[in-house]
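Here numbering that gives the first Met the number 0 is used: position 26 in the sequence shown is 25, and no number is missing along the way. Positions of the beta carbon are idealized from the N, C-alpha and C atoms, including for glycine. I have placed the structure first, in the form of structure tokens, so that the comments after it can refer back to it.
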Amino acid sequence: MSLSTNIMTALKDAMRSKDQTALTALRAVKSAILLAQTETGYKEELTEEQELKILQKQVKQRKDSAAIFLEQNRKDLAEPELAEAEVIAQFLPEAISEEAIAKVVEDVIIQTGANGMKDMGKVMGMVSGQLAGKADGKTISNIVKEKLS
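Structure representation (structure tokens):
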């Protein structure tokens, strides 16, 4: 089953169980997917990679919002954001460890012959492609910087 189909099924379940947090999060995801599909002017199916990027973006937005709310001592606003992020994150593949990311980064550095920060873009592109949906871009970036410096 495709990711969109799974999200629609979960959305229907959330409606039946009257789970407002899940309903809000899944409606936002559905909206983002539909928006991405119609961006080009005609309705076309998204690839699984594109759908995963949308989900990652939705989770990141909610976590960033929650962090801002927590900085301002607004726990009442942060909790729903974190709850929605958890609902969306269940559709993402299992994240891999930092050690595994570091191993992939080292392999790519060896493959490309990268030797400094000037090659960071090349390394980031290849690593991000290999780890699409499995690792956060910020984590990848930090590890790449560490390895190239």
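- [ ] Measuring alpha carbon to alpha carbon, tell me which of E80, Q49, E43, T20 ends up nearest A131.
- [x] For A131, the nearest C-alpha among the options comes from Q49.
- [ ] Inspect the beta-carbon positions of V58 and A31 and report whether they are closer than 8 Å.
- [x] No.
- [ ] Decide if E43 is buried, meaning its Cβ has at least 16 other Cβ atoms within 10 Å, or exposed.
- [x] exposed
Task: Integer Cβ distance of L54 from L91, believed to fall under 8 Å - done: L54 to L91, Cβ: 6 Å. Contact.
TODO: Would you mind stating whether A84 and T20 have Cβ atoms separated by less than 8 Å?
DONE: no
Task: DSSP state of L79 mapped onto helix, strand, coil - done: According to the sequence provided, residue 79 is Pro. The question's Leu does not apply to it. Helix, per DSSP.
Open item on the list: I need the boundaries of the alpha helix (DSSP H) containing A149, first residue and last residue.
Closed with: The structure shown has nothing for residue 149, since the chain only spans 0 to 148.
Open item on the list: Are the CB atoms of G112 and L147 within a distance shorter than 8 Å?
Closed with: no
TODO: Hey, could you find the ends of the alpha helix (DSSP H) S64 is sitting in?
DONE: 47–70
Task: Given D63 as reference, the closest of T4, K17, S1, K137 once Cα atoms are compared - done: Ranked by how close their Cα comes to the Cα of D63, the residues T4, K17, S1, K137 have K137 in first place.
- [ ] Please classify E97: is it buried, with 16 or more other beta-carbons within 10 angstroms of its beta-carbon, or exposed?
- [x] exposed
Open item on the list: Starting from E145, trace the alpha helix (DSSP H) in both directions and tell me its first and last residue.
Closed with: 136–147
TODO: To the nearest angstrom, report how far apart V103 and A13 are at their CA atoms.
DONE: 38 Å
Open item on the list: With H, G and I counted as helix, E and B as strand and the rest as coil, what does DSSP make of N5?
Closed with: helix
Task: E78 versus N72, A65, E70, residue with shortest Cα-Cα distance - done: A65
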